[in-house]
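>
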Amino acid sequence: MTSPTAAGRHVEPIDLSQVPAPAGVEPDPAEILARTVADTALGVSGVHRLGTPFGRAVDSVRRSAFGSGSNPGVVISQRDDGLAISVSLVVEYPANVTEVAETARTQIAHAVGQLHEHPIAVDVTITDVHGPFDATTSTGSPE
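Going by full-length UniProt numbering, the sequence shown opens with residue 1, and the numbers climb by one from there.
1. Buried or exposed: which applies to glutamine 107, given that a residue is buried once 16 or more other Cβ atoms fall within 10 Å of its Cβ?
2. Can you give the Cα-Cα distance for valine 129 and isoleucine 32, rounded to whole angstroms?
3. Where does valine 47 fall in DSSP's three states?
4. Closest to alanine 104 by CA distance: which of Val47, Ala34, Ala30 is it?
5. Exposed or buried, threonine 71, counting other C-beta atoms within 10 Å across all chains shown (16 or more means buried)?
6. How close, in whole Å, do the beta carbons of alanine 121 and valine 87 come, if the pair is a contact with beta carbons under 8 Å?
7. Would isoleucine 85 pass as a contact of aspartate 123 if the rule is Cβ separation under 8 Å?
8. Buried or exposed for alanine 111, going by 16 or more other Cβ atoms inside 10 Å?
9. Quick check on this structure: which residue in Ser45, Pro29, Ala38 has the alpha carbon closest to the alpha carbon of alanine 95?
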């Protein structure tokens with residue numbers, strides 16, 4: 001079931017209370033926000049993956065060396081007037097790039113709005129288009 005928004009877009013409700021916290025570890029709010037943004041963006045129809053090839057390579061090295069990584073393609077910064085979220089996406093061909101970006105922006109703002117009460121600005125950048133001519137398979141995780 002979807003609910004309409006002011007811009008005429010529909011937002012898929014997400015029940016974030018069902019996501020279990022890691023046992024014995026106090027979750028970092030910044031990590032929760034970044035993971036929420038990444039998971040929400042990857043759930044948008046037409047999104048192939050997040051980030052740029054360079055960002056995914058850096059994250060792969062970070063995971064190998066330190067055992068933990070980040071969410072490539074997701075940058076969250078706190079400003080005086082609220083949160084500023086920047087997301088880089090690779091879109092699947094033949095999806096409409098503008099529609100995918102707008103849907104991702106709407107879904108991310110709605111999901112983060114459930115976790116953060118201050119104003120949220122979401123900037124979506126399309127870094128590439130993945131098509132049938134590309135050799136990699138579609139996965140949401142970094143390579």
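Backbone N, C-alpha and C define an ideal beta-carbon position, used for all residues, glycine too.
The structure displayed is predicted, hence computed values, not measured ones.
Based on what the coordinates show:
1. buried
2. 28 Å
3. strand
4. Val47
5. Just to set this straight, residue 71 is asparagine in the shown sequence, not threonine. Label assigned to asparagine 71: buried.
6. About 11 Å separates the two Cβ atoms, so there is no contact after all.
7. yes
8. Buried is the call here.
9. Ser45
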